[in-house]
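Taking the numbering used here, the leading residue of the sequence shown gets 18, the next gets one more, and so forth.
Quick reminder that beta carbons are idealized off the backbone N, C-alpha and C, glycines included.
The structure under discussion appears below in the form of structure tokens.
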Amino acid sequence: MLRTTCFSLLSVYPVEWIKETTNSNIENQRPIRTNVKRRRRSLPGKKTEEPTDKFKRESAMHFLTESFLDDSGNWYSTLNKTIKLTLLFTRRQECEQAFYYRTTGRMKWNVPEPDDLKPCNTAHPVHCTFFETKNPNPVNWNTVTCENIKPNQTHIDCICPIRDVYTVFSDTQDASVRNVSYWTLFGMRDEERHSVVTRTVVLSTNIVSMLCSFVLLGITMFKLVRSRFRSIPLLHFILCASFPFLHAAMLAQSFVLHSRVGCHVVSMCLYAAGIMTTSWLCCEMVATFQILILGNSRMKVKCNLMFGLFVPAVMITVPSLLVERNAFGGDLLCLLARESFLFHIFVGTMAVDLLIGLVVRLLVECNIETPAYLGPLIIEKLLVHVHRMTSMLLYVAVSWSILFFSMFIPKPYLYHIGIGTVSLQGTFLAITLGVINKQRFMCYLKALHGKNE
Numbered sequence: 018m019l020r021t022t023c024f025s026l027l028s029v030y031p032v033e034w035i036k037e038t039t040n041s042n043i044e045n046q047r048p049i050r051t052n053v054k055r056r057r058r059s060l061p062g063k064k065t066e067e068p069t070d071k072f073k074r075e076s077a078m079h080f081l082t083e084s085f086l087d088d089s090g091n092w093y094s095t096l097n098k099t100i101k102l103t104l105l106f107t108r109r110q111e112c113e114q115a116f117y118y119r120t121t122g123r124m125k126w127n128v129p130e131p132d133d134l135k136p137c138n139t140a141h142p143v144h145c146t147f148f149e150t151k152n153p154n155p156v157n158w159n160t161v162t163c164e165n166i167k168p169n170q171t172h173i174d175c176i177c178p179i180r181d182v183y184t185v186f187s188d189t190q191d192a193s194v195r196n197v198s199y200w201t202l203f204g205m206r207d208e209e210r211h212s213v214v215t216r217t218v219v220l221s222t223n224i225v226s227m228l229c230s231f232v233l234l235g236i237t238m239f240k241l242v243r244s245r246f247r248s249i250p251l252l253h254f255i256l257c258a259s260f261p262f263l264h265a266a267m268l269a270q271s272f273v274l275h276s277r278v279g280c281h282v283v284s285m286c287l288y289a290a291g292i293m294t295t296s297w298l299c300c301e302m303v304a305t306f307q308i309l310i311l312g313n314s315r316m317k318v319k320c321n322l323m324f325g326l327f328v329p330a331v332m333i334t335v336p337s338l339l340v341e342r343n344a345f346g347g348d349l350l351c352l353l354a355r356e357s358f359l360f361h362i363f364v365g366t367m368a369v370d371l372l373i374g375l376v377v378r379l380l381v382e383c384n385i386e387t388p389a390y391l392g393p394l395i396i397e398k399l400l401v402h403v404h405r406m407t408s409m410l411l412y413v414a415v416s417w418s419i420l421f422f423s424m425f426i427p428k429p430y431l432y433h434i435g436i437g438t439v440s441l442q443g444t445f446l447a448i449t450l451g452v453i454n455k456q457r458f459m460c461y462l463k464a465l466h467g468k469n470e
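Following this line, the structure appears as structure tokens:
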């Protein structure tokens, strides 16, 4: 059921109305405002107030014109029964872009500035209307005959028949449901508090993850330089390098929410980083399975590296070229718009990578009694690595799931938990690969100290 809300009656601007007389030239004609005042004084004091009188008392304009002057300086007779009006809103209207951001939290860069007076579609459609005095119904507003030209945040232009009283109606269908601000859905009392909490979570967690990722990257680079067989350390190095890329993009989005180009660039980086991190986690698990169960074949590991480089490159480049760029930056955190095909590719690719990694983990568990011909110490270390990578796969899957779930079904504080868990992936990777292992860390320090001597 369509409901309409009537704004308080509006004034007309900037058309000046005058009354045409046969004894004077057009230049000497006088405005009708004095006639209106006299007419008001002549009304009996105890007379029952008619609807039109009530509207006039509330500052609606009452017109008694026979001709008018348009914007081009031409005079027209009122016999054509229509006139162009500019009705001023008594309160500033909300643009469609601002309403969309306020209720979804998406595309903040698309919200016009408060002082921007460019024409925009209002959040709730507005219609010019006039009071039909010829109809016996005491409350009869005609919303069909007027033709709307263009609305703005402050006024609306329209063409209506010549009548006494004009106003504006606004459609508010399901307004109580659609008009809930997004920060309320996320458990915050206002937008400022939501912005402060979100910014604090993003900056603190991603800075910690960046530091841990760089420490892990340095240790992996040290191993890569010292190792004779560099296939496995190279795989570790690429995996560790993908997480600083993810956290750098998460940090950058806090500073580019108001920029269309900046948000698009960050969205591309998040798209690439999400696919790269999950793809290389999958490759890490597959490489561990090859070494532990099938034997330490460097050719197989090199094929795994090529697969790990080829698949993310194809999944990142090809869809980005084929799909429209409007998908980038169209959602929360400058992520891809959830309605876009590219978003489904993004989520689907990460889900497939993580699923393959978990399936390989099950294969390792099923074949653990018949490992390759390796030393007991190496087998033990590989099993520990498998358990840690399984924890990493599960953590990444859960963290992205929480974030996506909170975007589609907002729950109080769940959105900020999702941001925090995704932003701590680099820290969790450092823990799972043993950087926060005192014995292993001391071994790296001793080896580095011996090399310097």
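How close, in whole Å, do the beta carbons of residue i and residue j come, if the pair is a contact with beta carbons under 8 Å?
i	j	result
Q110	N127	About 17 Å separates the two Cβ atoms, so there is no contact after all.
E149	N165	About 18 Å separates the two Cβ atoms, so there is no contact after all.
L450	R405	7 Å
K101	D174	7 Å
T215	H433	7 Å
L399	I308	6 Å
L410	L375	6 Å
A304	I249	7 Å
G291	F363	6 Å
Residue i to residue j, Cα distance in whole Å?
i	j	result
L338	E356	18 Å
Q170	C137	7 Å
S423	V218	16 Å
P142	K167	11 Å
F445	L228	12 Å
E83	A354	Note on E83: pLDDT 43, under 50, position unreliable in the model; the coordinate value appears next. Taking the straight line from one Cα to the other gives about 55 Å.
H253	E301	7 Å
N343	G435	25 Å
T184	C177	11 Å
V381	T387	10 Å
L26	K135	Its pLDDT being 40, under 50, L26 is placed unreliably by the model, and nothing is read from it.
L251	L431	37 Å
I395	I310	12 Å
H275	H281	11 Å
D207	F345	27 Å
P427	T366	24 Å
T139	S187	10 Å
R243	E130	56 Å
Q270	R108	34 Å
P336	S226	29 Å
V161	T99	13 Å
C163	R277	37 Å
L202	T120	9 Å
V197	W417	26 Å
Could you tell me the boundaries of the beta strand (DSSP E) in which residue i lies?
i	result
H275	No beta strand (DSSP E) holds H275; DSSP gives it neither H nor E.
H172	H172 to P178
L105	T99 to L105
P168	E164 to P168
Would you call the CB atoms of residue i and residue j closer than 7 Å?
i	j	result
V415	Q442	no
G437	T294	no
L349	G122	yes
I224	A289	no
L233	A266	no
Y118	K125	yes
S440	C351	no
I373	C299	yes
V377	F306	yes
F260	S230	yes
I255	W200	no
H172	L268	no
State the start and end residues of the unbroken alpha helix (DSSP H) segment that holds residue i.
i	result
T366	F358 to C383
F345	Careful: F345 lies outside any alpha helix (DSSP H) and carries neither H nor E.
Y146	Residue identity differs from the one stated: residue 146 is Thr in this sequence, not Tyr. First-last for T146: V143 to F148, but that is the beta strand (DSSP E), not the alpha helix (DSSP H).
G392	Where G392 is concerned, there is no enclosing alpha helix (DSSP H), given that its DSSP letter is neither H nor E.
Y432	L431 to S440
T121	E113 to T121
E208	E208 to R243
L202	Y199 to L202
Determine the burial state of residue i: buried for a count of at least 16 other Cβ atoms within 10 Å of its Cβ, exposed for fewer.
i	result
F425	exposed
L263	buried
T476	Nothing can be reported for residue 476, as the shown portion of the chain is limited to 18 through 470.
V272	Per the sequence presented here, residue 272 reads as Phe, with Val not at that position. F272 comes out exposed.
S408	exposed
V331	exposed
C112	buried
L379	exposed
C383	exposed
V401	exposed
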